[in-house]
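Reading through the structure tokens given below for one structure.
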Amino acid sequence: MSILDKQLTPSPRRRSHRRLYIILGIVVILVAILFLFTNVGNDVAFIGHFATPPQHFTYSGHSDYVSAVAWSPDGKRIASASGDHSAQVWDASNGGHVLTYRRHSADVLTLAWSPNGQYIATGSLDNTVQIWNPTSGAQV
Numbered sequence: 000m001s002i003l004d005k006q007l008t009p010s011p012r013r014r015s016h017r018r019l020y021i022i023l024g025i026v027v028i029l030v031a032i033l034f035l036f037t038n039v040g041n042d043v044a045f046i047g048h049f050a051t052p053p054q055h056f057t058y059s060g061h062s063d064y065v066s067a068v069a070w071s072p073d074g075k076r077i078a079s080a081s082g083d084h085s086a087q088v089w090d091a092s093n094g095g096h097v098l099t100y101r102r103h104s105a106d107v108l109t110l111a112w113s114p115n116g117q118y119i120a121t122g123s124l125d126n127t128v129q130i131w132n133p134t135s136g137a138q139v
């Protein structure tokens, strides 16, 4: 038997990478659409919100129930009204107590900031609405 009579071994089958290229192409197109038509920064921030614990403050200066809460127009302070006949102003960035207003003779039920943030109006069961300065506590 000669070497020419031997049967040739079949060459290894070459795998086609066509399917892999199609899948990679689809993934690239989907990622491109994601970046073009969505705000990725907001999506990442939304996911990050659940990955990192938010910083919370507990304001505990009132001795009775809290009946109303309002953010200042600039977002830097929070005012709260209470059944302890007072209204209080808090620093929203660090939780610090800024001021306590105690000129009502009954429960304070509601409050609101002026649009410019220079005044707070409080309404009470003593049948009065009082306007006062949230920085100094002076009644207007």
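For the sequence shown, position 103 matches number 102 in numbering that gives the first Met the number 0, and the numbering has no gaps at all. Quick reminder that beta carbons are idealized off the backbone N, C-alpha and C, glycines included. Given the structure is predicted, the values throughout are model-derived calculations rather than measurements.
With 16 other CB atoms within 10 Å as the buried threshold, where does residue i fall?
i      : result
Trp70  : exposed
Arg17  : exposed
Arg76  : buried
His96  : exposed
Leu110 : buried
Pro133 : buried
Thr121 : buried
Tyr20  : exposed
Asp26  : The residue asked about is misnamed: residue 26 is Val in this sequence, not Asp. Exposed is the call here.
Ile130 : exposed
Taking the C-alpha atoms as reference points, what is the distance between residue i and residue j?
i      : j      : result
Gly136 : Val128 : 15 Å
Gly156 : Val68  : The question about residue 156 has no answer here: the residues shown for the chain are numbered 0 through 139.
Phe56  : Val65  : 16 Å
Asn38  : Ala31  : 12 Å
Arg12  : Gly40  : 46 Å
Ser92  : Trp112 : 18 Å
Val139 : His103 : 14 Å
Ala80  : Ala44  : 33 Å
Gly60  : Asp42  : 37 Å
Asp125 : Val107 : 8 Å
From the DSSP secondary-structure annotation, give me the bridge partner or partners of residue i.
i      : result
Val68  : Ser79
Thr99  : Gln87
Thr109 : Gly122
Ile28  : BP columns for Ile28 are empty, so no partner.
Gln138 : Trp131
Checklist entry - Would the segment 82-92 and the segment 45-54 be scored as touching if the rule is three or more Cβ pairs under 8 Å? => result no
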